[in-house]
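Heads up: the structure comes next, in structure tokens.
There are 2 protein chains.
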Amino acid sequence: MANPIFKAVYSHPELKTADLEAIQAAHEPFGFSKGEVFLKAGQTANNYFLIETGLLRSFAHDFDGNEITTGFTGANEIMIEVASLFQRKPSVENFIALTDGVAWKIEFEDFQKLYHDIPAFNEWGRAWMSHQLFVAKQRNIDMLTKSATVRYVNLLKDKPQIVLEAPLKHIATYLGVTNTSLSRIRKEIAT
Amino acid sequence: MANPIFKAVYSHPELKTADLEAIQAAHEPFGFSKGEVFLKAGQTANNYFLIETGLLRSFAHDFDGNEITTGFTGANEIMIEVASLFQRKPSVENFIALTDGVAWKIEFEDFQKLYHDIPAFNEWGRAWMSHQLFVAKQRNIDMLTKSATVRYVNLLKDKPQIVLEAPLKHIATYLGVTNTSLSRIRKEIAT
DNA sequence: TAAGGCACTTGCCATAGGACAAGTTCTGGC
DNA sequence: GCCAGAACTTGTCCTATGGCAAGTGCCTTA
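The listed protein sequences derive, respectively, from chains P and S.
The numbering of the first sequence is the working numbering, which starts it at 374 and goes up by one.
The numbering of the second sequence is the working numbering, which starts it at 374 and goes up by one.
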């Protein structure tokens, strides 16, 4: 028992080994293939996923109907549409696999049970979500204050897996540049 | 009893009148003056505030040391540094009053008690935070896909109080433009 | 193995918004 | 009421990035 991904994801000082085992028991592992859809816009999320290996992309549509990549989820990360799952409303984001991989799935009801039964798990959830909020706000600042080149270089440094495995056009919309520009940035970086 | 701000802020279908009264009892009202500091970067938040009247600004510093306005908090909204309060770490944001006003304050410990004693309050908190996350992500998309003029017009439409009461330079950094440009945008709009 | 079609690159020009600097107006003490 | 400094406007010029269109290379499928 005790797959290391659970220790990596559910990391909170007050979560004991027994808790982690109960948590793991509520998850179910499965393999997935490139192109597989995890959640479609318009559906209400009833579960979330831990990604053990592989890479997922999430995207929404802007007012003109263009796909905007909102994020990537890689190994040891949680793939979740928080707003849909916790407010029980249709998702505006889509989640799709960019590669084959392995993930663990947990149903909302099972999550709720853990959430109410294990206080440390509840605290973990709040801390995790507050961290996500922090990251989202930081991303906002970066978008407003850093040049496209700097944003790309930072992504390369912080999440090389994405740059290696995701196609250019998705990285471009994620960074808020056209793929033309990103192509030029790559060329320039490669000096 | 039952100040309407509590009904407005703590809005959740399962929060009953008795709950709201217990919640209100844990808050303390106070008046504040323009320029008053609610939380300074580097401090760890030990409380949060409901703003009954008035307007607050939050800001952080970018890598060059420039002030970047990260948000405004107006009437019937919560002023909180989520990451600092729930992860017990120093804030990177500052919160300061742009106007005089009235607010209610609650200490973290009192909040924790409500959070553990009232399940509906706990659910409310999770839904509230997931909504904040949703808003932050939406803001990201807007920043990447909308022109400065459109961003300003939307702000004007969605939160006129800010445009009326906050100085131009703060609105400018919030929207990610220079104050020179915002001044020109305003002129152009006024056609 | 040919054909169509993505994904990406490259060139050329256009434009939103930035940088800087010189006003002008507003505002809060005194 | 007066003054200093802040807040805002405006002019001129500049740069990063977008828009469009024409490649090039690669991968899939028949």
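Virtual Cβ for every residue (Gly too), placed ideally from N, Cα, C.
* To do: Show which residues of chain S have a CB atom less than 8 Å away from the CB atom of Ile441 of chain P.
  => Here residue 441 of chain P refers to the residue found at position 68 of the first sequence. Ordered by position in chain S, the residues that pass the 8 Å Cβ test against Ile441 of chain P are Ile514, Leu517, Thr518.
* Out of P:Ile378, P:Thr426, P:Tyr383, which has the shortest C-alpha to C-alpha gap to Ile535 of chain P? -> By 1-based counting over the first sequence, the position of residue 535 of chain P is 162. Selection P:Ile378, P:Thr426, P:Tyr383 evaluated against Ile535 of chain P yields P:Thr426 as nearest (Cα-Cα).
* **Gln416 of chain S: contacting residues in chain P (beta-carbon distance under 9 Å)** => As a working note, residue 416 of chain S is residue 43 in the second sequence. None at all; the shortest Cβ gap to chain P is about 16 Å.
* So, are the CB atoms of Thr443 of chain P and Ser457 of chain P less than 8 Å apart? -> What you label residue 443 of chain P is simply residue 70 of the first sequence in a count that begins at 1. What you label residue 457 of chain P is simply residue 84 of the first sequence in a count that begins at 1. Result no, Cβ atoms of Thr443 of chain P and Ser457 of chain P do not sit closer than 8 Å.
* To do: Identify each residue in the stretch 479-511 of chain S for which the Cβ-Cβ distance to at least one residue of chain P is less than 8 Å, and report them in chain order.
  => His489, Pro492, Asn495, Gly498, Arg499, Ala500, Met502, Ser503, His504, Gln505, Leu506, Phe507, Ala509, Lys510
* To do: Check the DSSP bridge columns for Ser431 of chain P and list the partner residues they point to.
  => Here residue 431 of chain P refers to the residue found at position 58 of the first sequence. Residue pairing from DSSP places Ser431 of chain P in a beta bridge opposite P:Gly444, P:Phe468.
* Are there 16 or more other CB atoms within 10 angstroms of the CB of Ala398 of chain P, so buried, or fewer, so exposed? -> The sequence position of residue 398 of chain P within the first sequence is 25, counting from 1. Ala398 of chain P should be labelled exposed.
* Asked: Is there contact between the stretch 493-501 of chain S and the stretch 374-394 of chain S, where contact requires at least three CB pairs shorter than 8 Å?
  -> yes
* Consider the Cβ of Gly438 of chain P: report whether some Cβ of chain S lies at a distance smaller than 8 Å. => Working through the first sequence from its first residue, we reach residue 438 of chain P at position 65. No, no contact with chain S.
* Through-space distance from Lys510 of chain S to Ser503 of chain P, alpha-carbon basis -> For the purposes of this step, residue 503 of chain P is taken as residue 130 along the first sequence, with counting starting at 1. For the purposes of this step, residue 510 of chain S is taken as residue 137 along the second sequence, with counting starting at 1. Between Ser503 of chain P and Lys510 of chain S, the C-alpha separation is close to 13 Å.
* To do: Assign Gly498 of chain P to one of three DSSP states: helix, strand, or coil.
  => For this step, residue 498 of chain P is matched to residue 125 along the first sequence. Of the three classes helix, strand and coil, the one that applies to Gly498 of chain P here is helix, per DSSP.
* Which residues DSSP lists as bridging Ile451 of chain P, in chain order -> In the first sequence, residue 451 of chain P corresponds to position 78, counting from 1. P:Leu423, per the DSSP bridge assignment.
* Does Asp435 of chain S get closer than 8 Å to chain P when you measure Cβ to Cβ? -> By 1-based counting over the second sequence, the position of residue 435 of chain S is 62. The C-beta of Asp435 of chain S comes closer than 8 Å to at least one C-beta of chain P.
* Measure the Cβ-Cβ separation of Ala476 of chain S and Leu423 of chain S and say whether it is below 8 Å. => Taking the first residue of the second sequence as 1, we reach residue 476 of chain S at position 103. Taking the first residue of the second sequence as 1, we reach residue 423 of chain S at position 50. For Ala476 of chain S and Leu423 of chain S, yes; Cβs fall inside 8 Å.
* To do: Could you check what DSSP says for Lys413 of chain P in three-state terms: helix, strand or coil?
  => Locating residue 413 of chain P in the first sequence gives position 40, counting from the first residue. Three-state DSSP puts Lys413 of chain P in coil, outside helix and strand.
* CB contact check: Gly447 of chain P to chain S, cutoff 8 Å -> As a first step, residue 447 of chain P is located in the first sequence; it is residue number 74 there, counting from the start. Not one chain S Cβ lies under 8 Å of Gly447 of chain P.
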